[in-house]
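Notes follow the structure.
Numbering (the UniProt record's numbering), first residue to last: 1 to 1187.
Following this line, the structure appears as structure tokens:
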């Protein structure tokens, strides 16, 4: 055996990468190819070895070895045609019969040997090996020779395949595909003049199928009489019989089909559609994936489009394609439109649609027919996409992509496709939103730019003459305008709604078309196609939305004209870049020129011209533009853009935009003053607290007002304008932003102190005696209850009282209960019905008022979100310092509440985290301690731990902005918060804020140092007491770091720090002493933390040579700890105590030896002893190890 053959079986054969498997197979076949011309036994043995090993490898489950060995076996059989043919001189194994027998014997599953065992998994691998081996033999073409035994071998392989088909259902699709492929290979070979035994082969397939379908011969699994598998094989046999002349076999085949189909002569015929629909709608329940389409659809598609005219059945190719589309309609509608359809049936319907729409063999117009005429696919998508089915949704999005590729063929195709999509009542853009797809955007985006103008022309035709346009859906084209005289009121209303709907859809399509094809570089694009498209869209929207268009038939309604104006501003927002270049041609300027040109033309009367004051405001806007254009600064360009935007808004809403023009006049007068007073604009003086308002503040106020409008166009203009002058914003402007974020500055949900809580509890207990009287009052009657519930709303209460009085139901003064009840009995049914109507109207009005109030609050919250965008822009351009008051306002906005949008909270948190690393400044008369009080009031009840962290950051930021004179007042604020946290049990003040202040705001917190110790002694529980002691130790450590200036100050403390260190040590000793009490509530964990704090204080006192410990008192305290019944067995406590005593003892007895110069060792004296030092070192190692 040659080494090259053995080396050919490399790891590449079972690699998971296809290219590596193919390369390894080629290498093996190349090594065996020279032996193909030889006849000696040595060369044949290499081939026998390779065949045996390849066939055995088909049963290997390792990686992709089964696929790799199958490819190698196929190529080997292809390269050895002479040795596998009949009548050649070769070893028995090298003939086709030998290879077939070896395959069947190796994969038979017969056990050999006394101890041979085979599991179910082994049986499955052997069945896979047989399947792949048969496929390799069939695909190699070794059977397509003309020798006599080829027909018998083919029949044997077909029987083996049917045997696998009956034994294992999970092999159905694979076996069917191999059978169909082999039959079609016979047809192709017969066309080439090969395979003369095709009649015998087809007869074997038909006879095996007949035997399998006979009663008593079927497999154990229950199957329908005629399945998709049978249909797929039948289609392949019909295609093979079309090229052969075997009438006997054809008669047998038609006899077989006659038992299942009405017309057996042609499977794809109109009489068979009903039966085929039933067969194709039956889904195999074993296909749990639901994401594969059966091979039968490949056969149906080939039968409909690939085959030529069938002379035997007189069926043309066009007729078969029409029948195929009819069959697709029936199957898809049955699987998708039925409410009781299963998940697998819905998957099948969508897979069929995806297969048809993605097939290039079907013309584009016929594929569009499948989408439009055959199936109401928009309705089916809307109905089925509401279900949470991942596979179904994924397939639907693939269908949308296929439709977009179809729309690329021509603008007419895309036009027709959108006509179909808008035929659903949900409409165009709503179709995308409802189905969570992008069909309309995808279709419009797939149109070529040179065809987009043609599509826009069709939309223009629809807007002007909707009844004459082909884009209007058929079901909405009820009557023609000429028949309006004979229409009743209902038909007129229905026709008007249809026209309104069609025009709205056309405007939506226009906006999406511009958004998809026009980049935001109007005037600077490489070609003029984008400019022409955008200009045409702007012109159409201007003509329809701003003028009384007389050329439209029927005339446009007010709602349609408002929609056209909205689409106009949307187009401007889409094509205008956020940061235009210097040479940029502003589309706003082009739109204003187009308005002036159209106003003097034949486009009709301007709608806004009849509004009082419109002409004056437009003239003022023109003067403002001329004045601003004289300046060449970036701020002037931004204001110029804002003036143009407000001027365009003036044509849409003259009243509100007119006020904006007046405000702009004041702003321009202050920002761009004229040298000559003769031509100065008349500007009203804006004063605030006796001072004139800053121009930037006036402009900011205008920007905030414009942000209230629900217009993306104005929002983008306002944001870009504010970014241009944000760095010049003064104190008034910053205060205006603060007022928008936190107008009142109050504390929502502020906690009350313990005294107030006790007083409130006393008042609650005192009011308990009044509950009985209240209960008696509640029994006065239904009318009295209703009126009492409405006391808060006086207007509503008065309306209800009048309604009750008009019906005689209201209780009068002096009437008894008996009189009232008798009065109720005298009210007739008519009065009661009238009363019901009045009350219903009253409460309906109240409900509408509540809805309006909620809508107003929602708009205010959205406005706050937009103001936060301005604040973010200001913080970016403000440089290194940000006003502390602005940070506090952002903190108030970041507090999660029901009345605040989550988007506003997220933006506020992001801004606060960004500016927390900067230093703060104070503006105006603000004081740092007032802002710090505001921060601490917000932190009294933090809704989330994240908000508590934000309060800590804001506290540090405010302290950084304070001057030296305010440090004492800041300490008072911290002291009050420490006291509240320690002494009030219900306090939710975050301790993290106190600890962070001790570390990062040491100067202010040092003023409140005594409150930490005093409050710890009065703490409500041991946990808070220990936390405050830890804060005191942290404050001492950070204070020492800040006071170190040189080497001399490193070993000393100030007098204040020394006394505070002694007080902290005493507090720790008191805490330990209290924990040793028999009735103490301090556990071992808290005591361990206290000893650790004592260790830190001991190390600090040792480093600064301050003897603040009493060794005798500490020794006595630790002895009590060692003898305590509660803690005597806690070794970790005793270890910490020994460490503490060692440090304190060492610092209490300093060495009297003289100082030794640096770099020299001290000489040993008689008092020195090595042993104690050694023992001490050993002991220290052990202690550290235990610790």
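Backbone N, C-alpha and C define an ideal beta-carbon position, used for all residues, glycine too.
All values derive from a computational prediction rather than experimental measurement.
Asked, Found
"Could you compute how far the alpha carbon of residue 618 sits from the alpha carbon of residue 647?", "7 angstroms"
"Are residue 160 and residue 130 close, meaning C-beta to C-beta below 9 angstroms?", "yes"
"Identify which residue in 984, 706, 30 has its Cα closest to the Cα of residue 73.", "30"
"Would you please state the rounded distance, in angstroms, between the beta carbons of residue 509 and residue 418? I believe it to be under 8 angstroms.", "6 angstroms"
"Buried or exposed for residue 1075, going by 16 or more other Cβ atoms inside 10 Å?", "buried"
"So what does DSSP say about residue 473, is it helix, strand or coil?", "Because residue 473 sits at a pLDDT of 46, beneath the cut-off of 50, its placement in the model cannot be relied upon, and the following sentence gives the value as read from the coordinates. In the structure shown, residue 473 sits in coil (DSSP, three-state: anything other than H, G, I, E or B)."
"Return the Cβ separation of residue 404 and residue 446 in integer angstroms, given the expectation that the two are a contact with Cβ distance under 8 angstroms.", "4 angstroms"
"Taking all protein chains shown into account, do 16 or more other C-beta atoms lie within 10 angstroms of the C-beta of residue 937, making it buried, or fewer, making it exposed?", "buried"
"Can you tell me the Cα-Cα spacing of residue 23 and residue 351, whole angstroms?", "35 angstroms"
"Nearest-angstrom Cα distance between residue 1060 and residue 1010?", "8 angstroms"
"In whole angstroms, what is the alpha-carbon distance linking residue 414 and residue 571?", "21 angstroms"
"Taking the beta strand (DSSP E) that residue 959 falls in, what are its first and last residues?", "Segment 945-960 is the alpha helix (DSSP H) holding residue 959; no beta strand (DSSP E) there."
"Flag residue 170 as yes when its Cβ comes closer than 8 angstroms to any non-hydrogen atom of the ligand FAD, and as no otherwise.", "In terms of ligand content, the structure shown is empty, and the ligand FAD therefore cannot be addressed."
"Per the DSSP calculation, residue 919 is bridged to which residue(s)?", "881"
"For a quick check, are the C-beta atoms of residue 303 and residue 238 less than 9 angstroms apart?", "yes"
"Residue 630: buried (16+ other C-beta within 10 angstroms of its C-beta) or exposed?", "exposed"
"Does DSSP put residue 556 in a helix, a strand or coil?", "coil"
"What's the call for residue 95, buried or exposed, on a 16-neighbour Cβ count within 10 Å?", "buried"
"Within 10 angstroms of its Cβ, does residue 226 collect 16 or more other Cβ (buried), or is it exposed?", "buried"
"Can you pull the DSSP bridge partners for residue 547?", "606"
"For the alpha helix (DSSP H) containing residue 245, name the first residue and the last one.", "It is not in any alpha helix (DSSP H) - residue 245 carries neither H nor E in the DSSP assignment."
"May I have the straight-line CA-CA distance separating residue 25 from residue 243, to the nearest angstrom?", "36 angstroms"
"Here's the rule I'm using: 16 or more other beta-carbon atoms within 10 Å means buried, otherwise exposed. How should residue 832 be labelled?", "exposed"
"Do you know how far the Cα of residue 366 is from the Cα of residue 472?", "Low confidence applies to residue 472: its pLDDT is 49, below 50, so where it sits in the model is not reliable enough to give any reading."
"In chain order, what residues of the same chain have a beta carbon less than 8 angstroms from the beta carbon of residue 611, not counting five sequence neighbours either side?", "654, 655"
"Just to confirm, are residue 621 and residue 664 a CB contact at a threshold of 9 angstroms?", "yes"
"Are the segment 1101-1111 and the segment 1139-1147 touching, with three or more C-beta to C-beta distances below 8 angstroms?", "yes"
"Counting beta carbon pairs with one atom in the segment 558-577 and one in the segment 538-548, are three or more of them shorter than 8 angstroms?", "yes"
"Just tell me which of 65, 463, 592 has its CA closest to the CA of residue 554.", "463"
"I think residue 908 touches residue 893, with their Cβ atoms under 8 angstroms apart; what is that distance to the nearest whole Å?", "4 angstroms"
"Using a Cβ-Cβ cutoff of less than 7 angstroms, which residues in the same chain neighbour residue 512 once the five nearest sequence positions on both sides are dropped?", "440, 441, 444"
"Measuring alpha carbon to alpha carbon, tell me which of 1044, 1016, 1005, 1021 ends up nearest residue 1035.", "1005"
"In this structure, how does DSSP classify residue 528 when only helix, strand and coil are distinguished?", "coil"
"Expressed to the nearest angstrom, what Euclidean distance is found between the alpha-carbon atoms of residue 474 and residue 497?", "Because residue 474 sits at a pLDDT of 44, beneath the cut-off of 50, its placement in the model cannot be relied upon, and the following sentence gives the value as read from the coordinates. Whole-angstrom Cα-Cα distance: 14 angstroms."
"Helix or strand or just coil, what does DSSP make of residue 504?", "helix"
"Thinking C-beta only, is residue 1067 closer than 9 angstroms to residue 1032?", "yes"
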